[in-house]
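Here the sequence shown stands for residues 67 to 113, where the numbers follow my numbering. Every residue gets a Cβ at the ideal spot worked out from N, C-alpha and C, and that includes glycine.
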Amino acid sequence: MRKLVSEYLKKNEIKIEVDLNCGTFVSKVWTCDLTKKYIEINADYRS
């Protein structure tokens, strides 16, 4: 199962479905890569 999830999370887009049994609602969320490598790469940037 872990390998399957790991491969799925490598996709550019992932779908997360939550059923609260209170109707239908669809939303999109955009996020960014906050891995250790991303932070290391961007740590040298100054505003």
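Residue i versus residue j - alpha carbon distance
i: Leu75; j: Thr90; result: 25 Å
i: Ile82; j: Ala109; result: 30 Å
i: Val95; j: Glu79; result: 10 Å
i: Lys69; j: Asp99; result: 20 Å
i: Leu77; j: Leu86; result: Checking the displayed sequence, the identity of residue 77 turns out to be Lys instead of Leu. In a straight line, the C-alpha of Lys77 is about 26 Å away from that of Leu86.
i: Ile105; j: Met67; result: 29 Å
i: Cys88; j: Glu73; result: 31 Å
i: Val71; j: Val84; result: 17 Å
i: Lys102; j: Arg112; result: 18 Å
Residue i in three-state terms, based on DSSP
i: Leu70; result: helix
- Task: Within the stretch 77-113, note down every full alpha helix (DSSP H) run reaching 4 residues or more, in order along the chain.
- Result: If we require 4 residues or more, the alpha helix (DSSP H) runs fully inside the stretch 77-113 come out as 102-108.
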